[in-house]
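Residue numbers (this note's numbering): 51 to 226.
Worksheet for the structure shown next.
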Amino acid sequence: MIYWEIFLAFFIPGILGYGGGPASIPLVEHEVVDRYGWMNVNEFSEMIALANGLPGPIATKMAGYIGYEQGGILGSIVGVFATVAPSLILMIVLLSLLMKYKSSPRVKKMTSLVKPTIAVLLGVMTWGFISNSYEGIGWLQTIILAGAAFLLLEKLKIHPVYVIGGALVYGAVFLA
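What follows is the structure, given as structure tokens:
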């Protein structure tokens, strides 16, 4: 029964929490504190503070922690699955509709309009990364890292995992 309760405690906020993890925090709090009584408000706020200090989506970190506290490893798995299940189900439904109507002129036009939007969003994200890098380490280091990454990825065809690992080592040695 506890696993079903864990599932519901995170599935319902996942469906209703439009806007991602931060928007679902009050919904999860209602389920965890008010409905099931697994935590009090103080414990929940401490858990949120801890989860915000860790990398990754807040909703899955909350689900993993609370699920583990209530049902062990299986509870953690159930909580994380319940958090991502609404998005997963929606993506499967939307992709199946897209595949069904992929030869439709309207769908082709829609996908042709989405591609430039994605390119612009990726460009804005890239510019944000460059700006943050400049503010954090300066232009010289940013250019060195970007140039080395371009050379290693595009010219030498080195796997991105090794390039990222090399950048981490470079940052630890030269920028720490």
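Glycine is no exception: its CB is placed at the ideal position from the N, C-alpha and C atoms.
Predicted model, so just to flag it, every value in this text is computed and none were measured.
query, result
"Between G129 and I116, which are expected to be in contact by the criterion C-beta below 8 Å, what is the C-beta distance as a whole number of angstroms?", "6 Å"
"Starting from the C-beta of T314, find all residues in its chain whose C-beta is less than 7 Å away, skip the five residues before and the five after it, and write them out in chain order.", "There is no way to answer for residue 314, as the model of the chain reaches only from 51 to 226."
"Using only the alpha-carbon positions, how far apart do L206 and L195 sit?", "15 Å"
"Rounded to whole angstroms, what is the Cα-Cα separation between N102 and M175?", "21 Å"
"How is L201 classed by DSSP in three states: helix, strand or coil?", "helix"
"For V213, which residues from the same chain have a beta carbon less than 7 Å from its beta carbon, with the 5 sequence-adjacent residues on both sides left out?", "A199, L202, L203"
"Put S74 into one of helix, strand or coil per three-state DSSP.", "helix"
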